[in-house]
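Student:
In the numbering used here, the protein residues as written are 6 to 113.
1. What distance in whole Å lies between the Cβ atoms of residue 39 and residue 27, which are believed to be in contact at a cut-off of 8 Å?
2. State the CB to CB distance for the pair residue 56 and residue 12, rounded to an integer number of angstroms; the pair is presumed to be in contact (CB under 8 Å).
3. Taking only three categories from DSSP, how would you classify residue 9?
4. With burial defined as no fewer than 16 other Cβ atoms inside 10 Å of the residue's Cβ, what is the status of residue 10: buried or exposed?
5. Does the beta-carbon of residue 53 have 16 or more other beta-carbons within 10 angstroms, so that it is buried, or is it exposed?
Right, dumping it as structure tokens:
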């Protein structure tokens, strides 16, 4: 399933089962509290928690491998075209370029 949706579906099923199970021996409010307090996880809740942990660890290792691979493969290569006329090689670069705006700046 996409984006961990399988864990959401399984966790929802676990909560429904826990509510039904706990409500047989106590009131609905107590069953609700026991279901969602985190102190009384069922077997399915433990499976979901472990699945989420392993999926997260796998994502973290995959992302670090991707970063290493892209950093190792990144190379910068610059090439300059050959100058056809040898006389152009000795032309000095301009020191500054003067530019005058076409209008006067507006006054405040």
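Every residue gets a Cβ at the ideal spot worked out from N, C-alpha and C, and that includes glycine.
Tutor: The answer reads as follows:
1. For this step, residue 27 is matched to residue 22 along the chain shown. For this step, residue 39 is matched to residue 34 along the chain shown. Indeed they touch by this definition, with Cβ atoms about 5 Å apart.
2. Start at 1 with the first residue of the chain shown, and residue 56 comes out as number 51. Start at 1 with the first residue of the chain shown, and residue 12 comes out as number 7. The pair is a contact, with the Cβ atoms about 6 Å apart (cut-off 8 Å).
3. One-based indexing of the chain shown puts residue 9 at position 4. If DSSP states are grouped into helix, strand and coil, residue 9 belongs with coil.
4. Within the chain shown, residue 10 is the residue found at index 5, counting from 1. The residue is exposed, with fewer than 16 neighbouring Cβ atoms inside 10 Å.
5. As a first step, residue 53 must be located in the chain shown, where it is residue number 48. Buried.
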